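In this note's numbering, the protein residues as written are 206 to 263.
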């Protein structure tokens, strides 16, 4: 996710704000911290266009 964020030239602060989470939580999401709420990880993935579960719907 960090690579996708950097490719979009988004800062940690900018993506965290868009996702409605703190920059600390975003860093945990990017590091794969298992204590992060699934909703936070899902929101970040959605904003970055990353599909977490199976193929994208058509």
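Beta carbons are placed, not taken as given, at the ideal position from N, Cα and C, and that holds for glycine. Predicted model only: the values in this text are computed from it and were never measured.
Whose C-beta lies closer than 7 angstroms to the C-beta of residue i among residues of the same chain, with five residues either side of it excluded?
i           : result
residue 275 : Any question about residue 275 goes unanswered here, given that the chain covers just 206 to 263.
residue 255 : 206, 209
residue 232 : 217
For residue i, which residues in the same chain have their Cβ closer than 6 angstroms to its Cβ, ignoring the five residues on either side in sequence?
i           : result
residue 246 : 234
residue 213 : none
Does the beta-carbon of residue i have 16 or more other beta-carbons within 10 angstroms, so that it is buried, or is it exposed?
i           : result
residue 230 : buried
residue 257 : exposed
Our contact map puts residue i next to residue j with C-beta atoms below 8 angstroms; I'd like the distance itself, whole angstroms only.
i           : j           : result
residue 224 : residue 252 : 6 angstroms
residue 249 : residue 220 : 7 angstroms
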